[in-house]
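Worksheet: one structure, shown below.
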Amino acid sequence: KLIVSDPKALNYILFTASGRFPKLPQRRVVNKYMMGPGISSAQDSDHKRHRDLLNPPLSAAETREHVPVFRANARKLCDIWRGILQESEEKTPVDVAMWMTRATLDALGQAGFDYEFGALDNLDNELSKAYHNLM
1 KLIVSDPKAL NYILFTASGR FPKLPQRRVV NKYMMGPGIS SAQDSDHKRH
51 RDLLNPPLSA AETREHVPVF RANARKLCDI WRGILQESEE KTPVDVAMWM
101 TRATLDALGQ AGFDYEFGAL DNLDNELSKA YHNLM
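Using full-length UniProt numbering, the first residue of the sequence shown is number 1, and each one after it goes up by one.
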């Protein structure tokens, strides 16, 4: 298994030469089962079509416009973690992946759809619950 973290290499693998790095068939099946037919299970020309539709709203200019939303969610997440650690008497493990998923869901909801999932606040939100049950 190879884990790539270099931004230029990731750009090449995911965008420039994505056809040369196909998704594993079992991964596509799981993605399609969990999320339905879409970009996560698409391959080749179908994947390119999905990506072309998603690129404009995910461009640098569009993303820059939402920096305040991302920053606010990052601060909120840091405050939550700080509170967890201050309330504990011993070293308390923090489920970083779970909290990052919640922060991402809140940020995408606010920036992309002007919608409050309330995932960081543990709000009783049906969409947030459905997403977490899916994951």
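The beta carbon of each residue, even a glycine, is placed where N, CA and C say it ideally should be.
Item, Value
"Taking the alpha-carbon of V69 as reference, which of Q110, L127 and D6 has the nearest alpha-carbon?", "Q110"
"So what does DSSP say about S40, is it helix, strand or coil?", "coil"
"Restricting to runs no shorter than 3 residues, where is the beta strand (DSSP E) found entirely within the segment 16-104?", "none"
"Taking 8 Å as the threshold, find out whether the segment 42-49 comes into contact with the segment 79-94 through three or more Cβ pairs.", "no"
"Between L108, Y33, I13 and A97, which lies nearest to H66 when the distance is taken from Cα to Cα?", "L108"
"Report the rounded CA-to-CA distance for I39 versus R51, giving the unit in angstroms.", "7 Å"
"Could you say which of L10, M34 and D114 lies nearest to A130 if we only look at CA atoms?", "M34"
"For D124, count neighbouring C-beta atoms within 10 Å of its own C-beta (all shown protein chains included) and say buried if the count is 16 or more, exposed if not.", "exposed"
"Count the other CB atoms, across all protein chains shown, that sit within 10 Å of the CB of R102; report buried if there are 16 or more and exposed otherwise.", "buried"
"Where does F117 sit, in a helix, a strand or coil, going by DSSP?", "coil"
"Helix, strand or coil: how does DSSP classify N125 here?", "coil"
"Give the DSSP-derived three-state secondary structure of I13 in the structure shown.", "helix"
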